[in-house]
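For reference, the structure discussed in these notes is given below.
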Amino acid sequence: MNNIVKAAARISSMRSILNPVRQLVVAGPNASTNLCTRTLWHMCSSSSANNQMLKTNNHSLTCSCCNHQKVHTKAEKDLVDFLTEEISTEKKTQKQQGHIPKELDGFKIEAEGSELELSKESGKERIKIYFNINHTVDADGGSHQEEHQEISEMRSQPTFEVELIRGDEILGLTCSFLTPDHQNPDDEYQDVFSIDEVTMYKGEWKDETYAVSGEILDGNLYDLLMNLLEEKGVSNEFALKLSDFATKYEHDQYVGLLERMQKFVNSK
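Under my numbering, read the sequence shown as residues 1 to 268, first letter to last.
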């Protein structure tokens, strides 16, 4: 008899354990949802400690997790705000600089990103000028300017390659702009640029092609080469126009970079 009572008690105990599970199974999937919802509500509405446990990210700004295509963090918002003001200011400067020409003193201009090529033909001779506007703006902006000039124009002064082409033979001269520190104040005629390197080759330039530094050229030869460049249209006046063009073009590229950056940060 005692064994029967013990068995009945054991079965009753098992029923008390299994009953909630059976109710959950019979009720179907909605029951589990309700239980989970209630549990989360209870955790959210209880102590501050529970609130801290549920916080996964404290969004201070509108974000894409709520289907809003906007900035996500404070740093991104600050960056977008700055870019908006910077673009507005730079576009005013861009408007003042005027349009970018397609030709410069008879040289046709072709541009691809930061790379530019100027070319023209004269009889059987072709003249090409190559340069890249990356890192060509003087970061010191006019440190050589007079002290009372608080603001000086930032100018692009790229190193440029001049090629005089006749048939498959090329006379190449690498030129760069001179800074006031490298100009001789005693010289009556001040050059704007100098010849850094001279080379001759056929077809395409190769690593093994010989080149001589302009610094060690015979003085007379150097002057004659400068005269040759001037005859071909690459004079001091042309170099200043080249710098003007490069400054405008570099500024356009800078504004474009800011606009793409703003779009990138905003595209959450």
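Using N, Cα and C, we set each Cβ at its ideal position, and we do this for glycine too.
Beyond the five residues adjoining it in sequence on each side, serine 114 comes within less than 8 Å, by CB distance, of Asn132, Ile133, Asn134, Gln253 in the same chain, given in chain order.
Taking a C-beta distance under 8 Å as the contact criterion, isoleucine 195 and leucine 228 do not qualify as a contact pair. By alpha-carbon distance to glutamate 161, the top candidate from Tyr210, Ile127, Thr89, Val137 is Ile127. With contacts defined by Cβ atoms closer than 8 Å, phenylalanine 107 and isoleucine 129 form a contacting pair. Within 10 angstroms of the beta-carbon of phenylalanine 238 lie 16 or more other beta-carbons, which makes it buried. Sorting Thr93, Glu110, Phe193 by C-alpha distance to the C-alpha of aspartate 223 places Phe193 at the top.
The beta-carbon separation of valine 265 and leucine 79, rounded to 6 Å, stays under the 8 Å limit for a contact. Under the DSSP assignment, asparagine 132 falls in the beta strand (DSSP E) whose first and last residues are 125-132. Of the candidates Asp168, Pro158, Tyr189, Tyr249, the residue whose Cα lies closest to the Cα of lysine 95 is Tyr249. Judged by DSSP in its simplified three-state form, isoleucine 100 adopts coil rather than helix or strand.
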